[in-house]
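**Q** Below: one structure in structure tokens.
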Amino acid sequence: MERLQSIQEFGQFQERLRAERKATMTTLVIPAGTCGQASGANGLVRIAKRELLGRKLTDRIQLRITGCHGFCEMEPSVLIEPQGTFYPKVDLSGMVRIIDAVARGQVVQDLLFVDPVSGTAIERQAEIPFFKKQVRALLSRNERVDPIRIHDYIENRGYATMTRVLSEMKPEQVVGEVKASGLRGRGGAGFPTGLKWEMLAKQPNHREKFIICNADEGDPGAYMDRSVLEGNPHSIIEGMIIGAYATGATRGVLYVRNEYPLAIKHLIIALRQARELGLLGHHILGTDFSFDMDLVRGAGAFVCGEETALIRSIEGKMGEPRQRPPYPVQRGIDGKPTIVNNVETWANIPLLFELGAEKFTQVGSKKNAGTKIFSLVGKIKNTGLVEVPMGMTIGEIVYGIGGGPSTSAPIKAVQTGGPSGGCIPASKFDLPIDYESLKESGSIMGSGGMIAMDENTCMIDVARYFMKFLKDESCGKCFTCRKGTQRMYEILDDIAMGRGTLVQLDLLEELALIVNDTTMCALGQTAPNPVLSTLRYFREEYLEHIEHQRCPAHVCKALITYSVNEKCTGCGLCRRSCPSEAITGEKKELHQIDTSKCTKCGLCRSVCKFDAVTVI
Amino acid sequence: MIQLTINGLEVSVEEGMTVLEAARFLGFPIPTLCHMDGLNPYGACRLCVVEIGEGDRAKLVSSCTYPVEEGLRIRTTSSRVLKARKMILELLLASCPQSKTIQDLASAHGINQQRFRQEYEDCILCGRCVRMCEEQMAAKAIGFRGRGEKRSLGTPFDKISEVCRQCGGCIYVCPACELRCTYTTPEQAICGGCQNISPPCIEKEMFHDTMCYMDPCVACEIKKD
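Dropping the structure here:
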């Protein structure tokens, strides 16, 4: 590609691209992010290429391979533009039929999405309740670009915002606009981004200054950042260029966790293409402004998502947090002024400048402007990534967008904020999603994980799972964090095994409060949240485990027994399926489970067609 | 000079001091374990926490790493601080009960029982030995590795160190194993100063997985004779 020498040349280049695509050609859009590929999107892509080339349809139908659109439950899916037809869970033969229909300008009725509530088929994606109730400011952009083609991004007005900012605004004005928008960091703490940029801008300009994109996304079950990194890497690059211009930063760092190979691949390609065109590097588009960035890969530590540990990791040292003050904005990488922002925050920047601060504040609620992407997972019908305006209630997200519980059991709580967050019971589902309300109820916004739980989820098991994660991921420097998480896990394990005492329960609560108080970094400070929030709202489950050695959700293996009830027809399916050979019985006679051999794996219950296995 | 308030007393202290240094200078006692004069502060043991700030914004910070600021309000013995210290000492006793330093600290704060499962570790990962080796002896022979539960101390890849000069500094500063290696007088080497009944580096057969980085150690060589 030819390097563009000026902003005017870029403008002309963009106009040319847009003019060439003016005729809205029918496009097959296949989401092929990591989750899409895992569900089989690659097969659909292969079929699409074969059909389009083989049947010589390439002058009428295009193929666009994109990142994740968000409706992960229905992947691999296909979207037809410009009609907006949505086909869920497409298999290989279905793909052939769809291409056939598209070539004839028709729709395949029996492959359309069926709304589980009304029972009717919905043709257009925009009408599907899952999509309709969201405000997909960021996710909708994933549909329009192939992440490894910078031309797609530019054609969709990409980088135009950056050129406008560079040519029409002064750095102080840029900072002012971000402050006026009220954008808060999307990494979890919700610190006002404008304020952070202002602090960096105030640092003397003759030294090196760094801006970092925190793409470490360590929360188990959270993959919002991944969808933006894989699906729209240029939005982050554009955001960071604007940020560097505003703050006087000389170098950027993209810190991406090593477990995201597709995101890393797409970012490397995006950076290379941006540099080739002259959008990144020395004298960007012929202006006085120079800025470039490096990609640094994480090495597998959750604690490196904490900003001071992240900075140490970039410096090549062990990822350990340090006490602040001094804050990274004063002393960061190699002692130079540095700020760290989350992927979603950077992706919001081009959007912010496109809309203007005023319009940006109109979405969301007071003091919580804009949208937030949540990964809605767990016992919910519509699993996926949802982008909602701040201030929407939890109930609306869980029932309106999520479609309610995936089984007949009602949802009893949602867990937000990953291992640093807490559980919010169903009685509080009218709470709005914003930083303050979540904090008050004992949880945190975090990076946006939202796990739905029903009566078959044991809250002690949940707390123990998160505590095990935190115990393994603690850096180990602070005595209270290292030993505190170990001891809390020990007590939770005792309770789950039926060995817990009431004395231990009090000790657990006491210890949790001290760990929260005395540790240095946010990992340790928020580590007790799963314990404290489950104790606050689900204390009766703890008491049931301790006083009666019973697990009401039938999860804790040491406290449950599997047995066969009178509905058994003697078909023998369970006997043949049991991996421990614990079931005996004659044909057509009531079978029995030998509890001494039973490992409580649950296989017998899942294969039984007569609901004859009871767990108590 | 910086003006701040400590335990209700308005004082002037020098800029560049840490809260711990200022408090000790003024005579307010703060217990510490990983802190040592002459070594850079690390903030690992959390025993030195003090409360700063007011009302909702009050929080506990480790005084050894917190620099003094204008207008800071510090409380070294508030109930929040005391509760924290007591729990930290309980956790220390639960891990490393044979250390005299820890026993002394615990009894000074009125702790005589701990409610956790008892462990017998010989290292609390305070990092004094690492900092001693790196900062005072400029050898950097030992360091931390691993994360969380698996965090440990040792030489890189557990190989015998080429830069270790066998100065004994690491043993000297350790609060957990507390050996005083007086190698200049061989007759008095490894005896008397140590309160442990069976110091790991002497009873090599009993503690075959002992954490001794110097191989062979000066004291071991003397003992062999």
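For the record, the sequence lines run as chains A and B.
At position 73 of the first sequence (counting the first as 1) the number is 73 in our numbering, and the numbers step up by one without a gap.
At position 147 of the second sequence (counting the first as 1) the number is 763 in our numbering, and the numbers step up by one without a gap.
A virtual CB, placed ideally from N, CA and C, is assigned to each residue, including glycine.
1. Label A:Ala309 either buried or exposed according to how many other C-beta atoms from any shown protein chain fall within 10 Å of its C-beta, with 16 as the threshold for buried.
2. For the alpha helix (DSSP H) containing B:Tyr788, name the first residue and the last one.
3. Which residues, in order along the region 312-329 of chain A, keep a beta-carbon less than 7 angstroms from a beta-carbon of chain B?
4. Say whether chain B places a C-beta atom closer than 9 angstroms to the C-beta of A:Phe210.
5. Determine whether the Cβ of B:Arg640 lies closer than 9 angstroms to any Cβ atom of chain A.
6. State yes or no: is the beta carbon of B:Pro802 nearer than 9 angstroms to at least one beta carbon in chain A?
7. Give me the chain A residues within the contact set of B:Arg747, using Cβ-Cβ distance strictly less than 9 angstroms, ordered along the chain.
8. Ignore the nearest five residues each way along the sequence and tell me which others in A:Gly617's own chain have a CB closer than 6 angstroms to its CB.
9. In angstroms with no decimal places, state the Cα-to-Cα distance between B:Leu769 and B:Cys783.
10. Answer yes or no: do A:Gln125 and A:Leu79 have a C-beta to C-beta separation smaller than 9 angstroms?
11. Please compile the residues from chain B whose C-beta is within a distance smaller than 9 angstroms of the C-beta of A:Arg487.
12. Enumerate in chain order the residues of its own chain whose CB-to-CB distance from A:Thr361 is below 7 angstroms, with the five nearest sequence positions on each side excluded.
13. Using CA atoms only, rank isn't needed, just tell me which of A:Asp493, A:Ala409 and A:Ala246 is closest to A:Gly378.
14. Could you check whether the region 675-694 of chain B touches the region 760-776 of chain B, counting it as contact only if at least three pairs of C-beta atoms, one from each stretch, sit closer than 8 angstroms?
15. In chain B, which residues lie with their C-beta within 9 angstroms of the C-beta of A:Asp472?
16. Could you give the distance in angstroms between the alpha-carbon of A:Asn341 and the alpha-carbon of A:Ser39?
17. Do A:Thr480 and B:Leu707 have their beta-carbon atoms positioned less than 9 angstroms apart in this structure?
18. Taking just the CA atoms, how far does B:His725 sit from A:Ile394?
19. Here's the rule I'm using: 16 or more other beta-carbon atoms within 10 Å means buried, otherwise exposed. How should B:Tyr736 be labelled?
20. I'd like the list of long-range same chain contacts for A:Arg324, defined as Cβ closer than 7 angstroms, with 5 residues on each side in sequence excluded.
21. Three or more beta-carbon pairs under 8 angstroms between the region 164-172 of chain A and the region 145-153 of chain A, yes or no?
22. Name the DSSP beta bridge partners of A:Phe210, please?
23. Quick one: grab the DSSP three-state call for A:Gln62.
24. With DSSP as the reference, label A:Thr599 as helix, strand or coil.
25. So, helix, strand or coil for B:Leu721, using DSSP?
26. Which term fits A:Ser420, buried or exposed, when burial requires 16 or more other beta carbons within 10 angstroms of its beta carbon?
27. Whose C-beta lies closer than 7 angstroms to the C-beta of A:Tyr245 among residues of the same chain, with five residues either side of it excluded?
28. Does any CB atom of chain E fall closer than 9 angstroms to the CB of A:Asp59?
29. Nearest chain B C-beta to A:Lys439 closer than 9 angstroms, yes or no?
30. Looking only at its chain, what residues have a beta carbon closer than 7 angstroms to the beta carbon of A:Met240, apart from the 5 residues adjacent to it on each side?
31. Could you tell me if A:Glu440 is buried or exposed, where buried requires 16 or more neighbouring beta carbons within 10 angstroms of its beta carbon?
32. Do you know whose CA, among A:Ser365, A:Val414, A:Lys359 and A:Ile339, lies nearest A:Ser375's CA?
33. Where A:Leu295 and A:Pro528 are concerned, what is the direct C-alpha to C-alpha distance, given to the nearest angstrom?
34. For the alpha helix (DSSP H) containing A:Asp146, name the first residue and the last one.
35. Using only alpha-carbon positions, find the residue among A:Gly278, A:Gly187 and A:Ala274 that is nearest to A:Glu306.
36. Is A:Cys423 helix, strand or coil when you go by DSSP?
**A** Working from what's here:
1. buried
2. Gly785 to Val789
3. Met318, Gln323 and Pro325
4. no
5. no
6. Here the model assigns B:Pro802 a pLDDT of 40, short of 50, so the residue's position is not dependable, and the following value carries that caveat. Chain A contact via Cβ: absent.
7. Per Cβ cutoff of 9 angstroms: no residues; B:Arg747 is ~13 angstroms from chain A at best.
8. In the structure displayed, chain A extends from 1 to 616; residue 617 of chain A sits before or after that span and is not available.
9. 17 angstroms
10. yes
11. Leu707, Ala710, Phe732 and Arg733
12. Ser181, Gly182 and Ala369
13. A:Ala409
14. no
15. Arg763, Gly764, Glu765 and Lys766
16. 31 angstroms
17. yes
18. 46 angstroms
19. exposed
20. Thr308
21. no
22. A:Arg251 and A:Thr338
23. strand
24. coil
25. helix
26. buried
27. Val165, Leu166, Pro171, Val174 and Phe289
28. Note that chain E does not occur in the displayed structure, where the protein chains are A and B.
29. no
30. Ile211, Cys213, Gly252, Met293 and Trp346
31. exposed
32. A:Val414
33. 33 angstroms
34. From DSSP, A:Asp146 is part of no alpha helix (DSSP H); its letter is neither H nor E.
35. A:Gly187
36. strand
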